[in-house]
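Engineer:
Number of protein chains: 2
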Amino acid sequence: MKRRLLLVSNSTLHGGGYLEHCQQEIQEFFGKQVKRILFVPYALHDRDAYAKTARGKLQSLGYEVDSIHEASDPVEAVRKAQGIFIGGGNTFRLLKTLYDHNLVSEIQKRVLQDGVPYMGSSAGTNVSTVSINTTNDMPIVYPPTLAAIGLVPFNINPHYLDHNPQSKHMGETREQRIQQYHEEPDTPSVLGLREGSMLLVEGDKATLLGSTKARLFSRGKPPTEYEPGSDLSFLLAEGK
Amino acid sequence: MKRRLLLVSNSTLHGGGYLEHCQQEIQEFFGKQVKRILFVPYALHDRDAYAKTARGKLQSLGYEVDSIHEASDPVEAVRKAQGIFIGGGNTFRLLKTLYDHNLVSEIQKRVLQDGVPYMGSSAGTNVSTVSINTTNDMPIVYPPTLAAIGLVPFNINPHYLDHNPQSKHMGETREQRIQQYHEEPDTPSVLGLREGSMLLVEGDKATLLGSTKARLFSRGKPPTEYEPGSDLSFLLAEGK
Ligand SMILES: [Ca+2]
Ligand SMILES: [Ca+2]
Numbered sequence: 034m035k036r037r038l039l040l041v042s043n044s045t046l047h048g049g050g051y052l053e054h055c056q057q058e059i060q061e062f063f064g065k066q067v068k069r070i071l072f073v074p075y076a077l078h079d080r081d082a083y084a085k086t087a088r089g090k091l092q093s094l095g096y097e098v099d100s101i102h103e104a105s106d107p108v109e110a111v112r113k114a115q116g117i118f119i120g121g122g123n124t125f126r127l128l129k130t131l132y133d134h135n136l137v138s139e140i141q142k143r144v145l146q147d148g149v150p151y152m153g154s155s156a157g158t159n160v161s162t163v164s165i166n167t168t169n170d171m172p173i174v175y176p177p178t179l180a181a182i183g184l185v186p187f188n189i190n191p192h193y194l195d196h197n198p199q200s201k202h203m204g205e206t207r208e209q210r211i212q213q214y215h216e217e218p219d220t221p222s223v224l225g226l227r228e229g230s231m232l233l234v235e236g237d238k239a240t241l242l243g244s245t246k247a248r249l250f251s252r253g254k255p256p257t258e259y260e261p262g263s264d265l266s267f268l269l270a271e272g273k
Numbered sequence: 034m035k036r037r038l039l040l041v042s043n044s045t046l047h048g049g050g051y052l053e054h055c056q057q058e059i060q061e062f063f064g065k066q067v068k069r070i071l072f073v074p075y076a077l078h079d080r081d082a083y084a085k086t087a088r089g090k091l092q093s094l095g096y097e098v099d100s101i102h103e104a105s106d107p108v109e110a111v112r113k114a115q116g117i118f119i120g121g122g123n124t125f126r127l128l129k130t131l132y133d134h135n136l137v138s139e140i141q142k143r144v145l146q147d148g149v150p151y152m153g154s155s156a157g158t159n160v161s162t163v164s165i166n167t168t169n170d171m172p173i174v175y176p177p178t179l180a181a182i183g184l185v186p187f188n189i190n191p192h193y194l195d196h197n198p199q200s201k202h203m204g205e206t207r208e209q210r211i212q213q214y215h216e217e218p219d220t221p222s223v224l225g226l227r228e229g230s231m232l233l234v235e236g237d238k239a240t241l242l243g244s245t246k247a248r249l250f251s252r253g254k255p256p257t258e259y260e261p262g263s264d265l266s267f268l269l270a271e272g273k
């Protein structure tokens with residue numbers, strides 16, 4: 034399988050600029066052969082402003098940016114893309130818009146069959162997985178399904194957050210929320226990517242990158258922790 | 034309209050027991066005429082354990098409890114109910130189960146037409162409103178719609194949380210999430226009920242109760258704060 038993915042937990046790390054904490058990984062991922070990246074700004078309301086931010090940063094790393102919202106035919110834009118980057122925002126709005134424009138199967142085909150490199154950040158990482166069942170976002174719109182692009186056979190929880198024992202807030206912790214997901218039958222593993230971490234997938238090899246550990250939740254098993262640099266390729270074999 | 038509602042932000046306040054912080058309001062709300070309360074435990078996976086917890090607490094306040102999951106015919110149980118209490122947990126699971134059992138319209142009818150008192154806590158508060166678009170919960174299952182029981186013409190965000198300026202977490206604040214909802218067209222107001230607060234609705238009168246302020250978000254307007262005791266009846270006229 035030609036699949037190449039860079040799935041980032043968060044676009045901005047506290048105290049840093051947009052995509053600053055992962056800029057080296059972005060350059061290594063897209064390399065010198067990709068000249069233009071197709072940016073998908075659908076997760077935010079102000080697409081022009083969002084495209085401007087993404088364009089500014091990616092140009093500084095050596096890439097021209099086409100924003101899909103400026104294309105007259107979004108499906109055609111995906112067909113021609115050398116590389117794809119889907120940014121964060123609201124995951125429900127993003128997934129619904131991808132379905133509204135018939136882009137889900139097209140992106141899947143381009144990435145899995147043609148080997149077009151796919152980078153996602155936050156909501157853009159959520160939609161690359163089996164489903165958006167483990168997003169943190171508010172369901173501000175109703176997508177036709179929670180099933181997503183399915184570039185990997187597991188789910189991700191971006192911005193994974195450890196419980197703060199000092200907190201007096203009584204809403205569910207992130208871990209409790211993911212455990213509620215696993216109370217449902219036939220639910221895939223969920224990789225909790227803390228802010229600062231990202232997953233690099235090349236074919237059937239998956240590696241945890243970045244500066245923070247990741248926490249893996251699998252149905253019926255205790256959670257496990259992985260250090261940056263860990264080989265997580267076993268997750269790609271899930272469901273096989 | 035006979036409508037009587039007690040919509041609680043959270044069932045447990047930090048340092049207190051289950052429903053302890055609102056037990057006086059519960060007794061005033063259900064009064065002496067209601068002898069039996071129909072409890073809906075669908076938001077949690079372990080319904081038996083949940084019913085036991087609710088039964089223990091409500092019995093101590095003088096009410097017998099029938100849990101709907103023990104009824105052979107849930108619709109019939111709603112038809113016979115003297116009072117209804119829907120508990121918290123996962124809002125998506127709760128709403129889906131209410132639709133699976135054809136309970137949404139039946140509960141609506143009993144509360145709005147027959148005046149059966151309805152108490153909700155957290156997810157049980159979410160499902161009493163226009164829609165669950167402003168739940169904090171993870172979308173662990175896919176309900177047939179986000180439209181809810183519609184006992185009031187606005188939405189609520191339970192467990193409303195102020196941004197902690199010390200936090201280094203970069204996920205959206207609660208206020209940002211609600212503002213993203215209001216970027217969508219024709220979205221109703223959202224009452225942010227902080228933990229410790231609750232809304233009492235009697236006919237066309239709504240009053241904020243409890244120990245904490247509430248924050249109201251209306252599309253295209255700056256947020257406003259309301260003290261406990263505030264008359265929020267104007268919210269019931271929304272959309273008229
Ligand atoms: Ca988000
Ligand atoms: Ca909840």
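If you're matching them up, the sequences are chains W and Z in order. Residues in the first sequence are numbered consecutively from 34, following the working numbering. Residues in the second sequence are numbered consecutively from 34, following the working numbering. Glycine included, each C-beta is placed from N, C-alpha and C at the ideal position.
#1: Ligand 2 and S155 of chain Z: does any heavy atom of the ligand fall closer than 7 Å to the residue's C-beta?
#2: Please state whether DSSP places T20 of chain Z in a helix, a strand or coil.
#3: So, is G153 of chain Z buried or exposed, given that buried needs 16 or more other C-beta atoms within 10 angstroms?
#4: By the three-class DSSP mapping on this structure, what secondary structure does R36 of chain Z have?
#5: Output needed for A84 of chain W: all residues of its chain with C-beta closer than 8 Å, excluding positions within five of it in sequence on either side, in chain order.
#6: Check the Cβ-Cβ distances between M171 of chain W and every residue of chain Z, and say whether any is below 8 Å.
#7: Can you tell me which of the three DSSP states E228 of chain W falls into?
#8: What does the alpha-carbon distance come out to for the pair P221 of chain W and E216 of chain Z?
#9: By a C-beta neighbour count over all protein chains shown, 10 Å radius and 16 as the cutoff for buried, is A247 of chain Z buried or exposed?
#10: Is M152 of chain Z close to chain W, meaning its C-beta is less than 8 Å from at least one C-beta of that chain?
#11: Mind pulling the chain W residues with CB within less than 7 Å of E58 of chain Z?
#12: What residues of chain Z sit near H192 of chain W, judged by a beta carbon separation below 8 Å?
#13: Please state the DSSP three-state secondary structure of A82 of chain Z.
#14: Report the partner residues of M203 of chain W according to the DSSP bridge assignment.
#15: Quick one: residues in its chain with C-beta nearer than 6 Å to the C-beta of P261 of chain W, no 5 flanking neighbours on either side, listed in chain order?
#16: Among the candidates Z:G64, Z:V144 and Z:L268, whose CA atom is the shortest distance from the CA of I189 of chain Z?
#17: Would you mind sorting E287 of chain W into buried or exposed? The rule is 16 or more other CB atoms within 10 Å of its CB.
#18: Throw me the rounded Cβ distance for the G121 of chain Z and G89 of chain Z pair, which I believe falls under 8 Å.
#19: How would you label D237 of chain W, buried or exposed, when you count the other beta carbons within 10 angstroms and need 16 or more for buried?
#20: Taking 7 Å as the limit between beta carbons, can you name the residues of its chain near V137 of chain Z, skipping five residues before and five after?
#21: Quick check: what's the CA-CA separation for A87 of chain W versus R112 of chain W?
#22: Please report how far the alpha carbon of G116 of chain W lies from the alpha carbon of L46 of chain W, in whole angstroms.
#23: At a cut-off of 7 Å, would you count N197 of chain W as near ligand 2, judging by its Cβ distance to the nearest heavy atom?
#24: Closer than 7 Å to a non-hydrogen atom of ligand 1 - does that hold for the CB of T124 of chain W?
#25: Ignoring anything shorter than 4 residues or poking outside the region 128 to 152 of chain Z, list the alpha helix (DSSP H) runs there in chain order.
#26: Taking only beta-carbon positions, decide if N188 of chain W is within less than 8 Å of chain Z.
#27: Return the residues of the region 158 to 169 of chain W that lie within a Cβ-Cβ distance of less than 8 Å from chain Z, sorted by chain order.
#28: Whose C-beta lies closer than 6 Å to the C-beta of Q60 of chain W among residues of the same chain, with five residues either side of it excluded?
#29: Is any heavy atom in ligand 1 found nearer than 7 Å to the beta carbon of D79 of chain W?
#30: Nearest by alpha-carbon distance to P172 of chain W: which of Z:R207, Z:L194, Z:P198 and Z:E258 is it?
Structural biologist: Taking the structure as given:
#1: At least one heavy atom of ligand 2 lies less than 7 Å from the C-beta of S155 of chain Z.
#2: The requested residue 20 of chain Z does not occur in the structure, where chain Z is confined to residues 34 to 273.
#3: By the neighbour-count rule (16 or more Cβ atoms within 10 Å), G153 of chain Z is buried.
#4: Residue state for R36 of chain Z is assigned as coil, using DSSP reduced to three classes.
#5: Excluding residues within five positions, the ones whose Cβ falls inside 8 Å are F72, P74, V98, S100, H102 and E103.
#6: Yes, M171 of chain W lies at the interface with chain Z (some Cβ there is under 8 Å from its Cβ).
#7: The DSSP-derived three-state label of E228 of chain W is coil.
#8: If I take the Cα positions, the gap works out to 32 Å.
#9: It counts as buried.
#10: So no, M152 of chain Z is outside the interface.
#11: Residues of chain W passing the Cβ test: none, with the nearest at roughly 17 Å.
#12: Under the 8 Å cutoff, chain Z gives H202, M203 and G204.
#13: Residue state for A82 of chain Z is assigned as helix, using DSSP reduced to three classes.
#14: According to DSSP, M203 of chain W bridges with nothing at all.
#15: Taken in chain order, the residues that qualify are L241 and G243.
#16: Considering only alpha carbons, the answer is Z:L268.
#17: With chain W covering 34 to 273 only, the question about residue 287 of chain W has no answer from this structure.
#18: G121 of chain Z to G89 of chain Z, Cβ: 16 Å. No contact.
#19: Result: exposed.
#20: In chain order, L131 and I182 place their CB closer than 7 Å to the CB of V137 of chain Z, counting only its own chain and leaving out the 5 sequence neighbours on each side.
#21: So the two alpha carbons sit approximately 21 Å from each other.
#22: Cα-Cα distance, rounded: 23 Å.
#23: It does not: the Cβ of N197 of chain W is nowhere closer than 7 Å to a heavy atom of ligand 2.
#24: Yes, ligand 1 has a heavy atom inside 7 Å of this Cβ.
#25: Qualifying alpha helix (DSSP H) stretches, in chain order: 137 to 145.
#26: Closer than 8 Å: no.
#27: Residues of the region 158 to 169 of chain W whose Cβ lies closer than 8 Å to any Cβ of chain Z, in chain order: I165, N166, T167, T168 and N169.
#28: These residues qualify, in order along the chain: L94.
#29: Not one heavy atom of ligand 1 falls within 7 Å of the beta-carbon of D79 of chain W.
#30: Put simply, of Z:R207, Z:L194, Z:P198 and Z:E258 the residue whose alpha carbon is nearest the alpha carbon of P172 of chain W is Z:R207.
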